[in-house]
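Only one structure is covered here, and it is reproduced in the block below.
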Amino acid sequence: MTTADSRAPRYARVLGTGSYLPNQRVTNADLAARLARDGIETSDEWIVERTGIRARHFAEPDQPSSELALHASRAALEAAGVAPDEIDLIIVATSTPDMVFPSTACLLQQKLGIAGCAAFDVQAVCSGFVYALTVADAMIKSGAASKALVVGAEVFSRILDFKDRTTCVLFGDGAGAVVLGASDTPGLLASQLHADGRHVDILCTPGTVSGGQVLGHPLLKMDGQAVFKLAVGVLEKVARAVLDKAGRSEADIDWLIPHQANIRIMQGTAKKLKLPLDKLIVTVDQHGNTSAASIPLALDAAVRSGKIRAGDTVMLEGVGGGFTWGAVLLDL
Ligand code: ACO
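For the sequence shown, the positions run 15 to 346 when our numbering is used.
Take a look at the structure:
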């Protein structure tokens, strides 16, 4: 990490994006068959109608978040034309780290074969990537870093209760990454982060490790309707606040990438922002909810398909456990 100086560029820009999905693709029909073996009923029809999800990917048991992060990072570095040893900051957003410590960011750093730069994790559940991006942006603006690797990586399949059909059908595994670089032209235009710890209980994995044992309930629990109601309200509000900060309006948004949790929440947010639905990037149908990985996965998919192009203005919005939420507006 370098120290701030007056010559440091003031802005952060996205130089490249990457993503990775583990090989095992699990359709709703596959999942329904798995649950049926335990006498639990679900169907493709129910899942698609309530969530928009058709399939998700699950990592192999020996594939930790850092490995998914490594594949996504390599793709982002290649797209950016940046060598791993040029990176001077690594931030990984994850709620499913490889181990209690060290951080997944340090494990990723080791896998990338680089050493010395700052590396740490951010834990804000599904808002993790917008939190991580905001921190990296601030560090670049201050001169504390000049090329940052920002990753969202998750293996939520490890913390799902496959006896609870109200949650296990919703989530998947994956990773997405961006390389940010210092620039004298604005890329990340504005951001805003929030949390409200009064809502800890509506979405949590309330287990911990103590005395060599797992204490509490180490599987995901969610009050879906409470999350739904909170999410719709905060996503509209934070998007408007970020537009105000950047001096832009809804009409300036070329693409909206909300956290990919539920198509109904995503479409509701787009409508409240008066955006036509064809400006909404949707990958939840194929990825499910990949928590902190969902936004960079969707961003990379849209960039690689040619939908999002250089110069486009993109609104990223996260919302998740904590309760946390936030948004970042950027010019690509
Ligand atoms: N298959 C079939 N039936 C089901 C399933 C399933 N997988 N899950 C629930 N049901 C049943 C329920 O038991 C209930 O049956 P009942 O009427 O006989 O009691 C019925 O379907 C309706 O259940 P609801 O919970 O009312 O369904 P709802 O329409 O609220 O949809 C959902 C549930 C999809 C979870 C929705 O509330 C939601 O998407 N919430 C938001 C989740 C979210 O956005 N999370 C993001 C943050 S994630 C993070 O931060 C980690």
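We put the beta carbon where it would ideally sit given N, CA and C, even for glycine.
Spatial distance of residue i from residue j (CA atoms)
i           : j           : result
residue 310 : residue 318 : 12 Å
residue 27  : residue 275 : 26 Å
residue 102 : residue 118 : 16 Å
residue 120 : residue 84  : 11 Å
residue 151 : residue 252 : 18 Å
residue 341 : residue 144 : 6 Å
residue 335 : residue 240 : 11 Å
residue 296 : residue 277 : 8 Å
residue 29  : residue 174 : 34 Å
residue 214 : residue 242 : 14 Å
residue 54  : residue 298 : 23 Å
residue 293 : residue 313 : 13 Å
residue 273 : residue 226 : 35 Å
residue 322 : residue 88  : 20 Å
residue 179 : residue 33  : 28 Å
residue 24  : residue 130 : 23 Å
residue 281 : residue 290 : 9 Å
residue 75  : residue 195 : 34 Å
residue 135 : residue 106 : 5 Å
residue 259 : residue 328 : 15 Å
residue 154 : residue 205 : 14 Å
residue 192 : residue 90  : 6 Å
residue 320 : residue 228 : 45 Å
residue 279 : residue 288 : 14 Å
residue 100 : residue 161 : 7 Å
residue 104 : residue 339 : 22 Å
residue 16  : residue 132 : Here the model assigns residue 16 a pLDDT of 46, short of 50, so the residue's position is not dependable, and the following value carries that caveat. Between residue 16 and residue 132, the C-alpha separation is close to 10 Å.
residue 172 : residue 326 : 36 Å
Whole-number beta carbon distance between residue j and residue i, since they are thought to touch under 8 Å
i           : j           : result
residue 109 : residue 157 : Not a contact, Cβ separation roughly 30 Å.
residue 331 : residue 286 : Their Cβ separation, rounded to whole angstroms, is 11 Å, which puts residue 331 and residue 286 out of contact at 8 Å.
residue 82  : residue 36  : 7 Å
residue 185 : residue 66  : The Cβ separation is near 14 Å, so there is no contact.
residue 283 : residue 223 : The pair is not a contact, with the Cβ atoms about 36 Å apart (cut-off 8 Å).
residue 203 : residue 148 : Rounded, the Cβ-Cβ distance is 12 Å, inconsistent with contact.
residue 209 : residue 337 : 7 Å
residue 305 : residue 139 : 6 Å
residue 86  : residue 189 : 4 Å
residue 248 : residue 343 : With a Cβ gap of about 16 Å, residue 248 and residue 343 do not count as contacting.
residue 316 : residue 269 : 7 Å
residue 167 : residue 307 : 6 Å
residue 98  : residue 169 : Incorrect: roughly 23 Å between the Cβ atoms, too far for contact.
residue 200 : residue 345 : 6 Å
Residue i CB to nearest heavy atom of ligand 1 below 8 Å
i           : result
residue 250 : no
residue 140 : yes
residue 279 : yes
residue 271 : no
residue 83  : no
residue 217 : yes
residue 239 : yes
residue 328 : no
residue 100 : no
residue 61  : yes
residue 180 : yes
residue 305 : yes
residue 294 : no
residue 65  : yes
residue 234 : yes
residue 184 : yes
residue 333 : yes
residue 72  : no
residue 79  : no
residue 143 : no
residue 109 : yes
residue 242 : yes
residue 209 : no
residue 245 : yes
residue 275 : yes
Distance cut-off 8 Å: residue i Cβ against heavy atoms of ligand 3
i          : result
residue 56 : Ligand 3 is absent from the structure shown, which contains only ligand 1.
- Can you find at least 3 beta carbon pairs, one from the segment 62–73 and one from the segment 34–46, that sit closer than 8 Å? yes
- Message: To test your reading of the DSSP string, which unbroken alpha helix (DSSP H) runs of 4 or more residues are found completely within the segment 25–108?
- Response: 42–50, 58–65 and 79–94
- At what residue ranges does the segment 183–268 contain a whole run of the alpha helix (DSSP H), taking only runs of 4 or more? 238–260
- Message: In chain order, what are the residue ranges of uninterrupted alpha helix (DSSP H) at least 4 long that sit wholly in the segment 295–323?
- Response: 298–301 and 308–318
- Message: Using a Cβ distance threshold of 8 Å, determine whether the segment 258–265 contacts the segment 229–238, with at least three qualifying pairs required.
- Response: no
- Query: What beta strand (DSSP E) runs, 3 residues minimum, are completely inside the segment 113–168?
  - Reply: If we require 3 residues or more, the beta strand (DSSP E) runs fully inside the segment 113–168 come out as 132–136.
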